[in-house]
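The structure under discussion appears below in the form of structure tokens.
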Amino acid sequence: MISALLLFGAQAVGVKVELRNSPVADTYSFLRSAVQQKTTLLPGPLATSAERLEELQRRFPDQIRLRDGTILTTAKEGREQIQNLYWRSLDAYVFGCDSLDDFARIPLRAPETIGGFMRTSEVMAAISALLREAVPSYSREMHAEAAIVRERQAQWDLGLKAKMPALIDRAAKALGLERVPASFEILIVPSLGGREGLTIRSGAGIRLVIGAEKHAGSSFAELVLHESVHVLDSVNPDSGFFFELREAIDEAERPSEDFYQLPHAATYVISSQLIREALNPKHVDIGETDGVYKRGLTKYVEESRQPVIDLLAGKIRPQAAAGAIGKKKA
Ligand SMILES: [Zn+2]
62 MISALLLFGA
72 QAVGVKVELR
82 NSPVADTYSF
92 LRSAVQQKTT
102 LLPGPLATSA
112 ERLEELQRRF
122 PDQIRLRDGT
132 ILTTAKEGRE
142 QIQNLYWRSL
152 DAYVFGCDSL
162 DDFARIPLRA
172 PETIGGFMRT
182 SEVMAAISAL
192 LREAVPSYSR
202 EMHAEAAIVR
212 ERQAQWDLGL
222 KAKMPALIDR
232 AAKALGLERV
242 PASFEILIVP
252 SLGGREGLTI
262 RSGAGIRLVI
272 GAEKHAGSSF
282 AELVLHESVH
292 VLDSVNPDSG
302 FFFELREAID
312 EAERPSEDFY
322 QLPHAATYVI
332 SSQLIREALN
342 PKHVDIGETD
352 GVYKRGLTKY
362 VEESRQPVID
372 LLAGKIRPQA
382 AAGAIGKKKA
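Residues in the sequence shown are numbered consecutively from 62, following this note's numbering.
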């Protein structure tokens, strides 16, 4: 759960958003994607580091304990599923670090094990050691990736930085989401290997990690806003548009898949609509350009579109919009 310190009403001063990048995060996400996608054509030193990361993955335990005490095993869930759960924790720790020196501090504040069976101090030391070697090679070899990050950072510094707080505030107000984090940070990496952005919560606050490779210009703005709307959703679990939407879906007894897909489709529509309104009237939804809609989201996007447009225009209230979307027959 999020600390009360991070929250205050949407009507106070706007949310403070910082965008940053780091060679450590870039290198880690690069090696992670290489292992995940089994990339083989890497420059020599980076190939060695990717192999070491893969070796680490092979040594992941065959079982993991979830927060509620349930133990999942590779025998039952499959190796990949267990691996993904371990990676999810590791990603959060690594992307929460600002420098390699931070890695040594993680075991001091984190639980002794990750998932009950993997020692936090050992695995963080292993990742830190391989990154210490890989970061200089990455900076030397991967010029195109570094250029993407520099470009997005410039786009942010020169314009988005000033506009994004008002957009997030506009989204929160229109959606009836009263709690808005006082501040959060966005860490850009070139690519997250096909995974969606991730949100990390730590004592220091909220940090979003996004892969910027596929999205430039207004698409990059939509991506940032999309992930920010996910943050707004997660800090308002019991009121506002997303709460009402999940209630409506529940009441309509729609398939459980819809419980996840519809709010996500609505997030796409809300973000792209606000980008058209504030930045670029000709903007095309990123779900359209990167193919996400086509991979099973189109019907949900169609259901969400008009009620969301009416909601953002102030024609209907969040509860009415949520009802119009969620209560439709599947
Ligand atoms: Zn999303």
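C-beta atoms are modelled at their ideal positions from N, C-alpha and C, and glycine is treated no differently.
Source: prediction; values computed, not measured.
- prompt: Quick one: any contact between the segment 84-101 and the segment 213-225, if contact means 3 or more CB pairs under 8 angstroms?
  reply: Contact between the segment 84-101 and the segment 213-225 is absent, because fewer than three Cβ pairs lie under 8 angstroms.
- request: Could you name each continuous alpha helix (DSSP H) segment of 4 residues or more that falls completely within the segment 195-243, going from the start of the chain to the end?
  value: 204-216 and 222-236
Member of 104, 154, 89 and 175 whose CA lies at the smallest distance from the CA of residue 125: 175
Burial state of residue 132 (16 or more Cβ within 10 Å): exposed
message: With a threshold of 8 angstroms on Cβ separation, who are the neighbours of residue 369 within its own chain once the five nearest residues in sequence on each side are excluded?
response: Contacts found: 327, 330, 331, 334, 382 and 386.
- request: Output yes or no for whether 7 angstroms exceeds the beta carbon distance between residue 168 and residue 181.
  value: yes
query: Whole beta strand (DSSP E) runs in the segment 232-320 with 3 or more residues, listed along the chain?
result: 240-242, 244-250, 259-263 and 266-272
Residue 122 to residue 142 span [Cα, whole Å]: 12 angstroms
query: Looking at the unbroken alpha helix (DSSP H) that takes in residue 137, where does it start and where does it end?
result: 135-138
Three-state secondary structure (DSSP) of residue 387: helix
field: Same chain, Cβ closer than 8 angstroms to residue 189, five either side skipped, listed in chain order
entry: 161, 164 and 165
- request: Quick one: which unbroken beta strand (DSSP E) runs of 3-plus residues sit fully inside the segment 102-139? Chain order, please.
  value: DSSP runs (the beta strand (DSSP E)) wholly in the segment 102-139: 124-126 and 132-134.
message: Quick check on residue 127: buried or exposed, where buried means 16 or more other Cβ atoms within 10 Å of its Cβ?
response: Counting C-beta atoms within 10 angstroms of its own C-beta, residue 127 has fewer than 16 neighbours from the protein chains shown and is therefore classed as exposed.
- request: Flag this pair as touching only if the segment 268-276 and the segment 315-324 have three or more C-beta atom pairs under 8 angstroms; answer yes or no.
  value: no
task: Go ahead and label residue 240 buried or exposed: buried means 16 or more other beta carbons lie within 10 angstroms of its beta carbon, across all protein chains shown.
output: buried
Nearest-residue set for ligand 3, Cβ under 6 angstroms from any heavy atom: As far as ligands go, the structure on display features ligand 1 and does not contain ligand 3.
task: Determine the extent of the alpha helix (DSSP H) in which residue 364 is found, giving its start and end residues.
output: Annotation: the continuous alpha helix (DSSP H) that includes residue 364 extends over 359-373.
message: Output needed for residue 236: all residues of its chain with C-beta closer than 6 angstroms, excluding positions within five of it in sequence on either side, in chain order.
response: 301, 302 and 379
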